[in-house]
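Following: one structure in structure tokens, then a few remarks.
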């Protein structure tokens with residue numbers, strides 16, 4: 299990948315990062331991220347998290363938050379930072395996928411629009427993000443597996459994304 303092409307990745311990552319940054323500590327009456335965080339804190343404390351048909355967060359994603367809570371303690375800022383990382387990962391995967399079909403600048407615009415729009419919902423339930431991030435990363439890794447010498451590694455990454 300040419301350095302010039304890679305430079306276009308900075309636009310969506312920077313714009314999305316700025317949009318996410320202002321929402322990391324946002325406290326609102328309509329904040330909806332408590333269910334996943336409650337399950338993750340239960341799991342981090344060694345209890346079985348509550349699961350029902352309303353909990354759409356993938357179990358692996360809850361496990362990521364549980365591991366984070368084990369390391370940092372239960373708090374909104376680190377958890378929202380992990381959610382923000384899922385948005386940035388999606389933006390990067392979307393850009394890399396799109397640049398194979400359109401010029402890098404157009405791919406950057408598309409990824410920027412997705413990332414900055416998504417950032418406005420950071421305080422919502424994390425399944426809104428992980429339910430997009432994991433399939434996008436899976437598809438991106440499968441696409442990369444087709445054109446890479448390290449097919450098994452990319453395919454394993456796709457399987458990991460699908461399994462989480």
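Numbering (the working numbering), first residue to last: 299 to 462.
Here a beta-carbon is modelled for each residue, glycine too, at the ideal position from N, C-alpha and C.
Remember, it's a predicted structure, so these values are computed and weren't measured experimentally.
- Item | Secondary structure of residue 378, DSSP reduced to three states | Residue 378 sits at position 80 when you count from the first residue of the chain shown. Residue 378: helix per DSSP, three-state reduction.
- Task: Mind checking which residues open and close the alpha helix (DSSP H) that includes residue 356?
- Result: One-based indexing of the chain shown puts residue 356 at position 58. For residue 356, there is no enclosing alpha helix (DSSP H), as DSSP marks it with neither H nor E.
- Nearest residue (CA-CA) to residue 315, options 367, 404, 426 and 420: Within the chain shown, the letter at position 17 stands for residue 315. Scanning 367, 404, 426 and 420 for the CA closest to the CA of residue 315 turns up 420.
- Query: Using the C-alpha atoms, what's the distance from residue 393 back to residue 399?
  - Reply: As a position in the chain shown, residue 399 is number 101, starting the count at 1. As a position in the chain shown, residue 393 is number 95, starting the count at 1. Cα to Cα, residue 399 sits roughly 10 Å from residue 393.
- Could you give the DSSP three-state label for residue 343: helix, strand or coil? For the purposes of this step, residue 343 is taken as residue 45 along the chain shown, with counting starting at 1. If DSSP states are grouped into helix, strand and coil, residue 343 belongs with coil.
- Is the distance from the Cβ of residue 306 to the Cβ of residue 402 below 7 Å? Taking the first residue of the chain shown as position 1, residue 306 is located at position 8. Taking the first residue of the chain shown as position 1, residue 402 is located at position 104. It is a contact, given that the beta carbons lie within the stated cut-off.
- Pick helix, strand or coil for residue 371, following the three-state DSSP scheme. In the chain shown, the residue the question calls residue 371 occupies position 73. It is coil, neither helix nor strand.
- Task: Could I get the ranges of all uninterrupted alpha helix (DSSP H) runs contained in the segment 402-454, with 4 residues as the minimum, in chain order?
- Result: 402-417 and 425-445
- With DSSP run on the structure shown, which of helix, strand or coil describes residue 385? As a first step, residue 385 is located in the chain shown; it is residue number 87 there, counting from the start. Residue 385 falls in the helix class under three-state DSSP.
- Query: What number of angstroms, rounded off, separates the C-alpha of residue 341 from the C-alpha of residue 404?
  - Reply: Here the question's residue 341 lines up with position 43 in the chain shown. Here the question's residue 404 lines up with position 106 in the chain shown. Residue 341 and residue 404 have their C-alpha atoms roughly 42 Å apart.
- What separation, rounded to the nearest whole angstrom, lies between the Cα atoms of residue 462 and residue 456? The residue labelled residue 462 in the question sits at position 164 within the chain shown. The residue labelled residue 456 in the question sits at position 158 within the chain shown. Computed Cα separation, rounded: 10 Å.
- Item | Cutoff 7 Å; reference residue 435; Cβ partners in own chain excluding five residues on either side | Against the chain shown, residue 435 aligns to sequence position 137. Excluding residues within five positions, the ones whose Cβ falls inside 7 Å are 387, 391 and 459.
- Task: Verify whether the separation of the beta carbon atoms of residue 414 and residue 317 is less than 7 Å.
- Result: Your numbering for residue 414 matches position 116 in the chain shown. Your numbering for residue 317 matches position 19 in the chain shown. Contact flag set, yes.
- Answer yes or no: does any C-beta atom of chain D fall closer than 7 Å to that of residue 401? This model lacks chain D altogether; it includes just one protein chain.
- Short Cβ contact (7 Å threshold) for residue 364 with residue 338: Here residue 364 refers to the residue found at position 66 of the chain shown. Here residue 338 refers to the residue found at position 40 of the chain shown. Yes, they are a contact pair.
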